[in-house]
Amino acid sequence: MSPQLSKSVPKLETGIPGFDHIGNGGLPKGRTTLLSGSAGSAKTVFAVQFLAEGITKKDEAGVFVTFEETPEDIRKNMTGFGWDIESWESQGKWAFVDASPRPGEENVVSGTYDMGGLLARVEYAVQKVGAVRLSMDSLGAIFTQFADRSAIRRILLQIAMTMRQMGVTAVMTAERTQEYGDIARFGVEEFVADNVIILRNVLEEEKRRRTVEILKFRGAPHQKGEFPFTIIPEQGIVAIPLSAIELKQQSSDIRVTSGSAELDKMCGGGFFRDSIILVSGATGTGKTLLTTHFAAGGVNNNERCLLFAFEESREQLFRNAGGWGIDFEQMEQSGKLKVVCAYPEMAGLEDHL
131 MSPQLSKSVP KLETGIPGFD HIGNGGLPKG RTTLLSGSAG SAKTVFAVQF LAEGITKKDE
191 AGVFVTFEET PEDIRKNMTG FGWDIESWES QGKWAFVDAS PRPGEENVVS GTYDMGGLLA
251 RVEYAVQKVG AVRLSMDSLG AIFTQFADRS AIRRILLQIA MTMRQMGVTA VMTAERTQEY
311 GDIARFGVEE FVADNVIILR NVLEEEKRRR TVEILKFRGA PHQKGEFPFT IIPEQGIVAI
371 PLSAIELKQQ SSDIRVTSGS AELDKMCGGG FFRDSIILVS GATGTGKTLL TTHFAAGGVN
431 NNERCLLFAF EESREQLFRN AGGWGIDFEQ MEQSGKLKVV CAYPEMAGLE DHL
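Just so it is clear: in the sequence shown, position 43 is 173 by the numbering used here, and no numbers are missing.
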């Protein structure tokens, strides 16, 4: 990708933690992005969060076009993430275009189908709130009515062209029936959209692992490959672009105590503040003891410490620390120490992180 080409397509920051790093700055601005994924891959959460982050972080209004769930269901389902959609509606920052099916409603497509009526409603909503962002969830709900792929392709082109004319940055979701294989259900969606993002919800060793992959950004650079993400209450999607992080972090010459005066001497005055120390040894060689003294040394120097334990329980850690003259309970009560105990198998790497 040449520098001239990358500069020609500006990016819109989504605000979704970690994702903008994968997208080298966000989504291509003023273009339509296809978000494809299987059931449970967080397509709707992504589509809603794209608008929510725009409102809360950038003061950018958004329009949500729903073809499946009713607006009321979406409002209720998203409250767990701290997104007060109803409040945003009253402030004129969020607008729904409800194209969800009605109970008992039967749709029959006969002859040439045109999206003009629906797109007129969308354009009205965009103008009403001054929308910068737009989400459509999910295209599969309307395309199941069509047996002709050429009709689906024509309608997708009509939607994409209309979105571009409106000047909004749009996300439209689509279903896929498998994690690896066809990009979307009807086999034409990915060829029409400017950009394609794939969300996966893969079963690995009896646990689900969610990943996000940018398949293409037309005319814009992005990171390659799959990146893990998790869903956190009161926050939403958090991507973890570990392999995309560049080695540009600053180094510190400041030393911190290991908790042992003799070990500090061996290390030339302690550990470097920004270093990661791997302590390796067989059972009974004192790995947990060293960790305990390290945490206690930090607390004694008026530093806040966080201790994760993946083998011993909280009670075991506190009892053993007490045997070495270290009062973890008092340290926690002072607010200088936080101990978290959990089995590593209870969650995937991205959830632990």
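In this text, a Cβ means the ideal position worked out from N, Cα and C, and glycines have one as well.
In chain order, what residues of the same chain lie with their CB nearer than 6 Å to the CB of residue i, ignoring the 5 residues before and after it?
i    : result
P371 : G148, H151, I152, F357
M461 : V429, L467
P363 : G210
W218 : I185, W224
V470 : F438
A451 : T422, F458
I285 : M245
R338 : N331
G222 : V259
Write down the C-beta distance between residue i and residue j rounded to the nearest angstrom, noting that I regard them as a contact closer than 8 Å.
i    : j    : result
R306 : G170 : Not really, about 12 Å apart at Cβ, beyond 8 Å.
M302 : L329 : About 13 Å; that fails the 8 Å criterion.
R263 : G192 : 4 Å
L142 : T341 : Incorrect: roughly 23 Å between the Cβ atoms, too far for contact.
F458 : L447 : 7 Å
G160 : G297 : 6 Å
L181 : S265 : 6 Å
E216 : A271 : So it is not a contact: roughly 23 Å between Cβ atoms.
L249 : T292 : 5 Å
G400 : T387 : 5 Å
Q179 : I367 : 6 Å
Exposed or buried, what is residue i when buried is set at 16 or more other beta-carbons lying within 10 Å of its beta-carbon?
i    : result
L479 : exposed
G455 : exposed
P140 : exposed
G389 : buried
P158 : buried
D324 : buried
G398 : exposed
F438 : exposed
A477 : exposed
S240 : Legend: pLDDT at S240 = 47, less than 50; position of this residue unreliable, no value from coordinates given.
Q380 : exposed
A304 : buried
S230 : buried
L483 : exposed
I344 : buried
L164 : buried
E475 : exposed
Y473 : exposed
I289 : buried
T413 : exposed
G156 : buried
I407 : exposed
E445 : exposed
E442 : exposed
E125 : Nothing about residue 125 can be read from this structure; the chain reaches only from 131 to 483.
E335 : exposed
Excluding sequence positions up to five away, which residues of its chain have a Cβ less than 7 Å from the Cβ of residue i?
i    : result
C435 : A425, G428, V429, K466, L467
P201 : F226, D228
T196 : I204, F226, D228, A229, S230, D267
Leaving out five residues before and five after residue i in sequence, what residues of the same chain have Cβ atoms less than 8 Å from its Cβ?
i    : result
I369 : For clarity, residue 369 is Ala in the given sequence; the question names Ile instead. Once the five neighbours on either side are set aside, the close Cβ partners of A369 are I146, P147, G148, F149, H151, I152, V342, F357, P358, F359.
V409 : K417, L420, T421
Is residue i near the ligand SAH, in the sense that its beta carbon is under 7 Å from a heavy atom of that ligand?
i    : result
P231 : No copy of the ligand SAH occurs in the structure displayed, which carries no ligand at all.
Is the segment 429-436 in contact with the segment 466-477, if contact means three or more CB pairs nearer than 8 Å? yes
Take every Cβ of the segment 251-258, pair it with every Cβ of the segment 209-229, and state whether three or more of those distances are shorter than 8 Å. yes
Cβ contact (3+ pairs, closer than 8 Å) linking the segment 195-215 and the segment 175-186: yes
Any chance you could list the alpha helix (DSSP H) runs of at least 4 consecutive residues sitting entirely within the segment 168-223, in chain order? 173-188, 201-207, 215-220
Quick check on the DSSP output: what are the complete beta strand (DSSP E) runs of length 3 or more inside the segment 449-480, in order along the chain? 467-471
Restricting to runs no shorter than 3 residues, where is the beta strand (DSSP E) found entirely within the segment 389-455? 435-439
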